[in-house]
Structure formats: structure tokens, C-alpha cells
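Inspection log for the structure reproduced underneath, given as C-alpha cells.
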Amino acid sequence: MALIAGNWKMNGRKSSVSVLDALLAATVDGVELLVCPPFPLLAAFAERAAGSPVRIGGQDCHAAPDGAHTGDVSADMLADAGCTHVILGHSERRADHGETDAIVGAKVGAAWRAGLVPILCVGETRAEREAGRTLEVVTGQLAGSLPERAGPLVLAYEPVWAIGTGLVPTPGEVAEVHAALAARLGPDVPILYGGSVKAANAAELLAVPHVGGALVGGASLEAGQFLAIARAAPKACMAAA
Ligand code: PGA
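Take 50 as the starting number for the sequence shown in our numbering and just add one per residue.
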């Protein structure tokens, strides 16, 4: 089943529960919907979505379960708030907070210990792509930030230059990266594509072989857009299988 995940980033207020309500009221067959709002909204969203097929996830976590880490939130706390997933190693965390592969890997381990499904993000910059280093970069990030497998995993391929820019790789470029990642991970790890996924391009991107869903930023903030992407998924992902 395709996973369509919404990464709200630093957007949303308590009133944004109306977006979640629209998702809860909709029926989308053959797709798992995941909403990752900012920390202050997680517990209320998880309570609201309880008993529904819509899952709630965090956007980051600390590697330790508790302790003197002002401003941080642990994977255990996310699980306690009702989350099932956590996005880790997003390029904005790597760039804004200096997260290295080793730091991300420690967080992946913490997510597993807390019973969460980590969504590990990898992706190349524009300069790295132009230098022909895309596969080396993404497989290097994967090797460096994936501890020994101890739980279920989702991977997200997000070219840094495609995030929030409206630029997307060609289906052939997506296929090349997803095939390389799938060869390393095996068939039981869904690999999402992320970076400027919109209703208009979702069907094409989701039909690429080894694309198991999407990680959606901007277009996840509006229920209609997000649902349109989700509705493009089942047919497209089946065609790709
Ligand atoms: P975007 O963001 O869909 O706004 O490009 C994707 C992401 O950063 O996960």
C-alpha cells in the first residue's frame, strides 16, 4: 500500500485541525495517509485521528529517551503522544542543525527503540547532481545513517534542489536513484519520493518503479491538494509494481 506522508514543517496552528478533519472525512482506498505537524499539535492530532486510518508522525526526535536536552523532544515522547512515525535526517535538519549521518543514525535507533517507524531522508544538492555524484551521495547517506536494522523502515529520496522549488527530477532520474536504493534495501522497505510533489505531477512520479509513495511538503498543508495526491497513488503505484 502506498504511503502518502505530509510534512507540515514549521506551519500550522491549533485551527489547522480543520485540515486533519477533512482527511478524516475522506475515503482514499489503497493508501496510508500520514500527517506530520509541528510538535505542539501532535498529541491533539493523534487523539483526533485515533481509531481512523490516518497516522500522525513527528518531524524529528532526539537520540536519547530523556534528559538535559533543552528544546529537544525524544522518540519516546512522540510515541507517548500517539505518533507512529518520525521523519529523520530531512535536508532542512541536516542544513539548519548540522545533522550528520551519525547523528541521524542515532535517531533512527532511538525511533526503533520507541516503537516508531523512522522515515529516513536522503538526497543530493544541485551541485552534487551536476557533478554526477547523486548515487554516491544518496547511497553514502544511507550507509552512514542506517544502524543495523532493528525495525520497520521507510526511506525518502528527496533531492535537495527539488524541495520547495517547483523543480522535479525527470521520471528517469527518479527511477535511477530509487533502483539503486531498492537494490540496497530489499523489497520490504518502501521508498518515497519527495520534492515539489503536487496534484499535477503525482501520478507520473508515483508510477516510477520502486516509488512506494510520496513525502509532501507545501502541498500537504491543504487537504484538497493532499487528497488529490493520495488519490493518484494507488493506481500509479500498482502500475509501477
Ligand atoms: P515540498 O517539500 O513538497 O514543499 O517540496 C518536501 C519535503 O521537504 O519533504
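Just so it is clear, CB atoms sit at the ideal spot from N, CA and C, and this is done for glycine as well.
Here the structure is a predicted model, which is why all the values come from computation and not from measurement.
Whole-angstrom C-beta distance between residue j and residue i, which should lie under 8 Å
i    : j    : result
T183 : R233 : Going by Cβ atoms, the distance from T183 to R233 rounds to 14 Å, so no, they are not a contact pair.
P220 : V246 : Incorrect: roughly 13 Å between the Cβ atoms, too far for contact.
Through-space distance from residue j to residue i, alpha-carbon basis
i    : j    : result
G292 : P87  : Here the chain comprises residues numbered 50 to 290, so residue 292 is not present and cannot be evaluated.
P208 : C286 : 20 Å
G164 : A99  : 17 Å
D237 : L195 : 15 Å
Y206 : A130 : 27 Å
L91  : I136 : 13 Å
A263 : E96  : 24 Å
L118 : A229 : Reading the sequence as shown, one finds His at residue 118 and not Leu. Rounded to the nearest angstrom, the two C-alpha atoms are 37 Å apart.
Cutoff 8 Å: residue i Cβ touching any chain B Cβ
i    : result
W210 : Included in the structure is just one protein chain, with no chain B present.
N- and C-terminal bounds of the alpha helix (DSSP H) containing residue i
i    : result
H259 : It is not in any alpha helix (DSSP H) - H259 carries neither H nor E in the DSSP assignment.
V80  : Looking at the DSSP string, V80 is not in any alpha helix (DSSP H); the run it does join, the beta strand (DSSP E), is 80 to 85.
G243 : It is not in any alpha helix (DSSP H) - G243 instead sits in the beta strand (DSSP E) that spans 240 to 243.
G221 : 220 to 234
L73  : 66 to 74
Limits of the unbroken beta strand (DSSP E) element including residue i
i   : result
V23 : One cannot answer for residue 23 here, as it falls past the ends of the chain, which runs 50 to 290.
R97 : Where R97 is concerned, there is no enclosing beta strand (DSSP E), although the alpha helix (DSSP H) it sits in stretches over 88 to 98.
Residue nearest to residue i in terms of C-alpha spacing, selected from the options
i    : options                : result
N250 : H227, A279, G131       : A279
L127 : V153, R143, V203, A160 : A160
L241 : D78, T76, K58, L83     : L83
V157 : D145, G172, H139, A144 : H139
A144 : A155, R162, A93, G172  : G172
A277 : A252, S64, H111, A74   : A252
A112 : D78, E148, A93, R104   : E148
Which runs of the alpha helix (DSSP H), 4 residues or longer, sit entirely within the segment 143 to 215?
-> Entirely contained in the segment 143 to 215, the alpha helix (DSSP H) runs reaching 4 residues are, in chain order, 150 to 162, 175 to 179, 183 to 194.
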